[in-house]
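Report on the structure given below.
4 protein chains.
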Amino acid sequence: MIRVGIFGITGYAGYEAARWLERHPAAKVAWAVSEASAGKRLAEVVPGPLDLPLLAAGDADWGAADVVLLGLPHGVAARTVVAARQHGVKVVDLSADLRLRTPEAYAAWYGGAHPAPELLPAPYGLPELNRAALGDAPVIANPGCYPTSVLLGLAPLLEAGLHVPGETIIVNAASGVSGAGRGLKQNLHYVEANENFSPYNIGRTHRHVGEMEQELAGLAGAGVPVVFAPHLLPVQRGILSTIYVRVQPGLDLAALHGRYRERYAAEPFVRVLPVGALPALSHVVHTNRCAIGLTMAQPGLLIITAAIDNLVKGAAGQAIQNMNLMFGLDETAGLS
Amino acid sequence: MIRVGIFGITGYAGYEAARWLERHPAAKVAWAVSEASAGKRLAEVVPGPLDLPLLAAGDADWGAADVVLLGLPHGVAARTVVAARQHGVKVVDLSADLRLRTPEAYAAWYGGAHPAPELLPAPYGLPELNRAALGDAPVIANPGCYPTSVLLGLAPLLEAGLHVPGETIIVNAASGVSGAGRGLKQNLHYVEANENFSPYNIGRTHRHVGEMEQELAGLAGAGVPVVFAPHLLPVQRGILSTIYVRVQPGLDLAALHGRYRERYAAEPFVRVLPVGALPALSHVVHTNRCAIGLTMAQPGLLIITAAIDNLVKGAAGQAIQNMNLMFGLDETAGLS
Amino acid sequence: MIRVGIFGITGYAGYEAARWLERHPAAKVAWAVSEASAGKRLAEVVPGPLDLPLLAAGDADWGAADVVLLGLPHGVAARTVVAARQHGVKVVDLSADLRLRTPEAYAAWYGGAHPAPELLPAPYGLPELNRAALGDAPVIANPGCYPTSVLLGLAPLLEAGLHVPGETIIVNAASGVSGAGRGLKQNLHYVEANENFSPYNIGRTHRHVGEMEQELAGLAGAGVPVVFAPHLLPVQRGILSTIYVRVQPGLDLAALHGRYRERYAAEPFVRVLPVGALPALSHVVHTNRCAIGLTMAQPGLLIITAAIDNLVKGAAGQAIQNMNLMFGLDETAGLS
Amino acid sequence: MIRVGIFGITGYAGYEAARWLERHPAAKVAWAVSEASAGKRLAEVVPGPLDLPLLAAGDADWGAADVVLLGLPHGVAARTVVAARQHGVKVVDLSADLRLRTPEAYAAWYGGAHPAPELLPAPYGLPELNRAALGDAPVIANPGCYPTSVLLGLAPLLEAGLHVPGETIIVNAASGVSGAGRGLKQNLHYVEANENFSPYNIGRTHRHVGEMEQELAGLAGAGVPVVFAPHLLPVQRGILSTIYVRVQPGLDLAALHGRYRERYAAEPFVRVLPVGALPALSHVVHTNRCAIGLTMAQPGLLIITAAIDNLVKGAAGQAIQNMNLMFGLDETAGLS
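Spelled out as structure tokens, the structure:
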């Protein structure tokens, strides 16, 4: 059994990881850290099904873990990666610290100096697009939730160069409230978030724009400008990205659909819906899957709709998928 | 036009009062206090339809108000009542400070000495049960949300002595999240409250037990023990109380129903549903009404179900109803 | 008092109209038709605050009404307009029957021949854009919900010719479930719609595309192609449209914002938010208002966000606003 | 691998069973029946993660199944049990057909003659209370959702005779909307159920009263009258039962709590919360567990709160637990 340490288990991503690991045939939670609640038990802090003692970070038992999953704020995470590597423990980092390839990009999007630039670049843990780099990696940068949906939605198109180069791609997205984290903020109070729907950080200000553009450039072989408009959605979990992209004139939907089906034919976690069908959160919540739909809005303008569970394929599930790859397990182990 | 000052307008009850006053034909908001956000405008603090400058309590313009509505924490409210009376301004106090008739009762349920015992007893502002005391009152204690539903539900029975004296009445109730206030708490985070349902303070620990028993004793002419189990319900607003009460043997439902219909025949805000119908929140939300249903569970055991909107009949609407009475207006003015 | 007949009162729009008319100082519901539930009372059919006898359409008392509001399916509505006009009764038609100016456009978007082509064109009842045509109109076509948000969002831009002519405008929109009507469908079952978010009829297939393009062309003086992606949102009510539009190079946000503020300065129901603020459903639900925000995503690409309550400004409230204009009342009467 | 056939897979319980079986290490879905959608694929009918061809009941391949799970309406289920047994296939029946021990009881609560009285009595599949009868059973009656929560909540008390014999037990319960099934009804429309809370069938009219009283009598060794008030709760899933029961005078909470802890010490799916803690749906949704809290409301009056997921411990999860017992597997297999 792979022994997993979890940092930040009282956060939504850390907790979700622990829930999935309960079902994993070859891995189990060895210990868990919650800096804010150290000394308590998890069941006292989170009224859910799990229970575990909560350790301070300084009490992490590195010798009792083969890998750690980091559900930590950015900044804190990188320092924990350094500590883990000093003890020879592998890491899947769910924070943003290792997602951007250079300290300059980090400074541009997250502000300030990178806390551990020697860790960069780290392999970007989106297995469907980058599997070859992940099997031997001791440290993996788990992708952001929005970028996961956008990259899986656009990859078959951009890899084949079927988009119009240089044209801005518009990503209109909505995320369930768990994506905003467990910290207390007025707009996350039930009465403010429920029966509401609100755009935030729209344009090019959300930090995930940098991550998306970095990875899209890699897929397309050239820069791809993105305009991104996220919205807070009154559900527990789930992301739907509605993506507007200019495609080569003359491309028809059947050909594009065939390309998508072929590209993801062997992928257990990606489902390209039949022509005419559109993904909904119900296709994917509580699964590690991404569901994708294609619609030709008018000649030359494709709408790609892509749905994931932000806590699973957008965080904890993908982290376990990456962990499976790191340890040579079946990539789907524990994720059905 | 009656000029109304509102204290605590950024809270849910204060804001709701201001919303209803927009529609009032004979009253209008003159100014509003928010101690925490003084100097800002309301629209900056609450993303809703209203906008007003927010004053500090010390800047309240007493000369420009005929009455103040207090949506304040208990303790703070009583001191504000004293200040208002010194300026000859009438008060409807939505806090708990004036609901209990004696300082001893206040100390027992709220802890500590009453901040202004000279104000006690104040008339209890449930017009359907206590209208005669309200017309000339300069200060009215606006009832608690749960007690409003329970008292309206039980009054016709207890006034007629149809219950079994001394038997415990069980009140199982559920309230929308706005009832817990706008302050930030972990259990009110959207992700914790949504898709959840949780009992809290059950038994005889909730502070509204004291208020209910005080008023029920007044109706029955003798003490009526209450066991109370409130639950947090994932909706914006609304209270449903399901009340189990032992009634005199031999009473049949038709007779009881007739009694209720007669008791409330002239009440514009109370609706006794036909036999066989049960109230739901949808009957009452966004109205100042109480809907009541009666079910004979078994001989001698009656179930009364009573629904209100906790922010309207349970708070701001009832406050305006009381204000209307204070100023000799039509009791329903501004409340349709 | 203006006497109002309501057709389709058990539907969400008809019911909402009746609720608002309870508060109207100069109008009241005279009678109400529900073909499916004729002979029952409204409170038996809809568990809400209202009660009225329900008439069959054939029993409509034309002599007892000055105006009728039609919350009817398209096709049925036009025939009812004809009947009303034969009796000299004014009409606000909330259906789609009179929104498109020609029978050809109707056939293209709704299928089949128009049931009463002699009624076309009818004045389009969006007062902020077309007030001059409405005061003397005996029949008004009440706009669609989505088009109301989109037209108010785009009008200041297109009227001034600040967009790039011929470029497709992308409208990504989300509507609360009441927008889908009260009829039973599997995707509207609580368990399917709750905790879900789903695109539908995206591209150029939704019928509101025809209505939007017709009115946008009128504003711009030339055709404006629209791509429209509506989504079903798990809330009771509310529409948020996130609109992506190419604007003239060199335009800055401050100038655009000034233009919007000026255009709507005298409009009681339109609120242009400060630069940097974005509308949410909470700004507008249960009001007849539209809240608009402007964001320059990148040079030349403007994001307009516009929120309304689909049942109020998107249906019943706007119908009452139109009725007020028809009868020379204050346009805001009954709508605060 | 145990081969499982599912009848009624498009219903919520059948679908949930298929989802859990995806994770089961020793069982898998062999085929699935949906009479209403036979010939289609599951993904066409239910927009969720699963896909399977849907068979007509007449095409069930009995030779390819070791056991069938029946998510069928009562009446239809019993006839399917007969067919399964004729082919030597084991059955877990999730309907009500086999829960009552006699045809007379069935007729009293469900109306009409029992469709297959020769099947009665069938072992009642609540393993924590009746495990000994289940290992060798070819047919098991899976308990109702509400009774599961109530029986687990009351068993330790009644088995020990700590209640006051003959006193009515009051069960106030709330269930998520999936408990009402996938069929279309007006009160299950999203707009009617959301932001609502409504009692239904309160008193002694709900069919689960008969089932509860039968099993409670078995635990107590004498009849136990129940008054039951269920409420429809705006969540996807989950049941909370708040149970009021008279207990022997002098019993203190610590002793009762000890009794509960001891009774369930070896049960993997029952969690007795610490004194002072109360169960919420969040403790149990998406798990096969029951969480129980105890509160002494006043001397002699105990409040038991018990939470389950109605689709898991209240239906599909418990069915798999029963299936595991039938086949000699670890009772928890596939249920973490």
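Chains as they are written, first to last, in this note's numbering: chain A, 315 to 650; chain B, 315 to 650; chain C, 315 to 650; chain D, 315 to 650. All C-beta atoms, glycine included, are put in the ideal place defined by N, C-alpha and C.
{"Query": "Neighbourhood of Arg355 (chain C) by C-beta distance below 8 Å, restricted to the same chain and skipping five residues each side", "Result": "Asp365, Leu366, Pro367, Leu368"}
{"Query": "Integer Cβ distance of Ala331 (chain C) from Ile316 (chain C), believed to fall under 8 Å", "Result": "So it is not a contact: roughly 13 Å between Cβ atoms."}
{"Query": "Element boundaries [alpha helix (DSSP H), containing Ile320 (chain A)]", "Result": "No alpha helix (DSSP H) holds Ile320 (chain A); the beta strand (DSSP E) holding it covers 316 to 321."}
{"Query": "Contact list for Tyr514 (chain B) against chain D, beta-carbon separation under 8 Å", "Result": "Leu592"}
{"Query": "Residues that Thr462 (chain D) contacts on chain A, provided the C-beta gap is smaller than 8 Å", "Result": "Within chain A, no residue comes near Thr462 (chain D); the closest Cβ sits about 17 Å away, beyond 8 Å."}
{"Query": "Segment contact, 8 Å Cβ cut-off, at least three pairs: the stretch 600 to 617 of chain B with the stretch 496 to 506 of chain D", "Result": "no"}
{"Query": "Three-state secondary structure assigned by DSSP to Pro417 (chain C)", "Result": "helix"}
{"Query": "Touch test, the stretch 447 to 467 of chain B against the stretch 417 to 429 of chain B, Cβ-Cβ under 8 Å, three pairs minimum", "Result": "no"}
{"Query": "8 Å Cβ cutoff met for Asn510 (chain B) and Thr556 (chain D)", "Result": "no"}
{"Query": "is_contact[Ser492 (chain D), chain C] using C-beta, thresh 8 Å", "Result": "yes"}
{"Query": "Neighbour flag for Gln550 (chain C) against chain D, beta carbons, 8 Å", "Result": "yes"}
{"Query": "Interfacial residues, the stretch 600 to 613 of chain C to chain G, with Cβ spacing under 8 Å", "Result": "The displayed structure is made up of protein chains A, B, C and D, and chain G is not among them."}
{"Query": "Beta-carbon contacts of Val589 (chain A) that lie in its chain and below 8 Å, excluding the five residues immediately before and after", "Result": "Leu567, Ala568, His571, Leu608"}
{"Query": "Sequence-distant residues of the same chain with beta carbon closer than 8 Å to Arg573 (chain B), five excluded per side", "Result": "Pro470, Leu471, Ala474, Leu476"}
{"Query": "CA-to-CA distance, Arg496 (chain D) to Glu481 (chain D), given in whole angstroms", "Result": "37 Å"}
{"Query": "Own chain, CB closer than 6 Å to Val549 (chain C), minus 5 neighbours either side, in chain order", "Result": "Gly490"}
{"Query": "Selected residue, minimal CA-CA separation from Arg560 (chain C), among C:Glu336, C:Ala370, C:Ile484, C:Tyr329", "Result": "C:Ile484"}
{"Query": "Any beta strand (DSSP E) of 3 or more consecutive residues that is wholly inside the stretch 506 to 563 of chain C", "Result": "540 to 547, 553 to 560"}
{"Query": "Contacts around Ala370 (chain A), its chain only, beta-carbon distance under 8 Å, and the 5 residues preceding and following it disregarded", "Result": "Val347, Glu349, Ala352, Gly353"}
{"Query": "Contacts around Thr646 (chain A), its chain only, beta-carbon distance under 6 Å, and the 5 residues preceding and following it disregarded", "Result": "Pro582"}
{"Query": "Helix, strand or coil at Pro461 (chain A) according to DSSP, with G and I counted as helix", "Result": "helix"}
{"Query": "CB of Ala488 (chain D) within 8 Å of CB of Leu547 (chain D), strictly", "Result": "yes"}
{"Query": "Inter-stretch contact at 8 Å, needing at least 3 Cβ pairs: the stretch 632 to 643 of chain C / the stretch 630 to 647 of chain D", "Result": "no"}
{"Query": "Arg337 (chain C): contacting residues in chain B (beta-carbon distance under 8 Å)", "Result": "Arg337, Ser650"}
{"Query": "Alpha carbon of Leu554 (chain D) to alpha carbon of Gly614 (chain D), nearest angstrom", "Result": "22 Å"}
{"Query": "Neighbouring residues, chain B, relative to His597 (chain C) (Cβ below 8 Å)", "Result": "Pro361, Gly362, Pro363"}
{"Query": "CB-CB length for Val403 (chain C) against Leu433 (chain C), believed under 8 Å", "Result": "No, Val403 (chain C) and Leu433 (chain C) are not in contact; Cβ-Cβ is about 14 Å, not under 8 Å."}
{"Query": "Partners in chain D for Arg496 (chain C), counting only beta-carbon separations shorter than 9 Å", "Result": "Gln500, His503, Val505, Glu506"}
{"Query": "Rounded straight-line distance, which links the Cα of Val598 (chain C) to that of Ala534 (chain D)", "Result": "57 Å"}
{"Query": "Buried or exposed (CB count within 10 angstroms, at least 16 for buried), Asp655 (chain C)", "Result": "Here chain C covers residues 315 to 650 and nothing more, so residue 655 (chain C) does not appear."}
{"Query": "Local Cβ density within 10 Å of Asp411 (chain A), reported as buried at 16 or more and exposed below that", "Result": "buried"}
{"Query": "Residues that Asn486 (chain B) bridges to, as DSSP identifies them", "Result": "B:Ala543, B:Thr556"}
{"Query": "Pairwise C-alpha distance: Ala421 (chain C) and Gly532 (chain C)", "Result": "20 Å"}
{"Query": "Residues sharing a beta bridge with Tyr438 (chain A), DSSP", "Result": "A:Ala455"}
{"Query": "Proximity winner among C:Val453, C:Gly449, C:Gly389, C:Pro361, relative to His401 (chain C) (alpha-carbon distances)", "Result": "C:Val453"}
{"Query": "Contact under 8 Å by Cβ, Leu383 (chain C) with Val318 (chain C)", "Result": "yes"}
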